[in-house]
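Novice: Have a look at this one.
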Amino acid sequence: MFVNTYYLERYNFLCAKFFKTLIKKITHLQTYIVRHPILRAGKPINTCAFHGDELNTTVHFGYYIQENLVGVISVFKNSSIFPLENQYQIRGMAVLTALQNQGIGQKLVNFAEQHIAQHNSKPYIIWLNARQNAVSFYKKLGYYIHGDEFEIESIGIHSLMYKQK
Ligand SMILES: CC(C)(COP(=O)(O)OP(=O)(O)OC[C@H]1O[C@@H](n2cnc3c(N)ncnc32)[C@H](O)[C@@H]1OP(=O)(O)O)[C@@H](O)C(=O)NCCC(=O)NCCS
Numbered sequence: 001m002f003v004n005t006y007y008l009e010r011y012n013f014l015c016a017k018f019f020k021t022l023i024k025k026i027t028h029l030q031t032y033i034v035r036h037p038i039l040r041a042g043k044p045i046n047t048c049a050f051h052g053d054e055l056n057t058t059v060h061f062g063y064y065i066q067e068n069l070v071g072v073i074s075v076f077k078n079s080s081i082f083p084l085e086n087q088y089q090i091r092g093m094a095v096l097t098a099l100q101n102q103g104i105g106q107k108l109v110n111f112a113e114q115h116i117a118q119h120n121s122k123p124y125i126i127w128l129n130a131r132q133n134a135v136s137f138y139k140k141l142g143y144y145i146h147g148d149e150f151e152i153e154s155i156g157i158h159s160l161m162y163k164q165k
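Residue numbers (UniProt numbering): 1 to 165.
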């Protein structure tokens, strides 16, 4: 059945205050519902697949408003350049356009951080490659930039950001 996602998003936006919201674990394939329109718009669906998506050390979370998945985040046990053994990468952070700036992204990052905290003792590092447009968002959540900006092919300019716990 054809679903007009624009009207679905507007409907969610107007009704979010009255509907039940929930963050829960989802599969990597479910993340595509949000990854595709927000992070891989206009690209083939297979570009939504990230290396390591299916590892049992990877976890995916979804933010639901009623039955509708509107935001996603993934946590990978993956190392960057930092000299610490325990490193986690946040990837695939996205919220449907009409619902951005409503606090959903922040709640998803907090939830992912809590999950990492529950499964680790300090010290550990959470890091991510932030798109230029998202750098301020992560700064507000306590992440620092490390090094210079760099290009990820066909996606754009990014900054490596991190938070040590
Ligand atoms: C970046 C993104 C995940 C943020 O999620 P969100 O639900 O819109 O963000 P929130 O509403 O939780 O914002 C939390 C805070 O960050 C701020 N913020 C959010 N996006 C911002 C941006 N692009 N620039 C500056 N500040 C931003 C909000 O104003 C809010 O500040 P406040 O607490 O002072 O009110 C979302 O906008 C998105 O999906 N963007 C497109 C995809 C993308 O760039 N993903 C990141 C890939 S690295």
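All C-beta atoms, glycine included, are put in the ideal place defined by N, C-alpha and C.
1) I need the DSSP call for residue 60, collapsed to helix, strand or coil.
2) Indicate the three-state DSSP secondary structure (helix, strand or coil) for residue 103 in the structure shown.
3) Quick one: what's residue 24 bridged to in DSSP?
4) On the CB-based measure, 16 or more other CB atoms within 10 Å of its CB, does residue 94 come out buried or exposed?
5) Hey, which unbroken runs of the alpha helix (DSSP H) at 4 residues or more fall wholly within the UniProt domain "N-acetyltransferase" (21-165)?
6) Of the choices 82, 96 and 76, whose alpha-carbon is the least far from that of residue 88?
7) Expressed to the nearest angstrom, what Euclidean distance is found between the alpha-carbon atoms of residue 119 and residue 25?
8) Using only the alpha-carbon positions, how far apart do residue 111 and residue 61 sit?
9) Check whether the segment 101-108 and the segment 143-157 touch, using three or more Cβ-Cβ pairs below 8 Å as the test.
10) Using the C-alpha atoms, what's the distance from residue 39 back to residue 149?
Specialist: Taking the definition as stated:
1) Taking the first residue of the sequence shown as position 1, residue 60 is located at position 60. Secondary structure at residue 60: strand, using DSSP grouped into helix, strand and coil.
2) Residue numbering aside, residue 103 sits at position 103 when the sequence shown is read from its first letter. DSSP places residue 103 in coil when its eight states are reduced to three.
3) Here residue 24 refers to the residue found at position 24 when the sequence shown is read from its first residue. Looking at the DSSP output, residue 24 bridges to 62.
4) As a first step, residue 94 is located in the sequence shown; it is residue number 94 there, counting from the start. Residue environment: residue 94 is assigned as buried (16 or more neighbouring CB atoms within 10 Å of its CB, all protein chains considered).
5) Listed in chain order, they are 28-34, 104-118 and 135-140.
6) Taking the sequence shown and counting its residues from 1, one reaches residue 88 at position 88. Checked all of 82, 96 and 76; the closest Cα to residue 88 is 76.
7) Numbered from its first residue, the sequence shown carries residue 119 at position 119. Numbered from its first residue, the sequence shown carries residue 25 at position 25. Computed Cα separation, rounded: 15 Å.
8) Position 111 of the sequence shown holds residue 111. Position 61 of the sequence shown holds residue 61. Cα to Cα, residue 111 sits roughly 8 Å from residue 61.
9) The answer is no - the segment 143-157 does not touch the segment 101-108, with fewer than three Cβ pairs under 8 Å.
10) Working through the sequence shown from its first residue, we reach residue 149 at position 149. Working through the sequence shown from its first residue, we reach residue 39 at position 39. C-alpha separation (whole angstroms): 19 Å.
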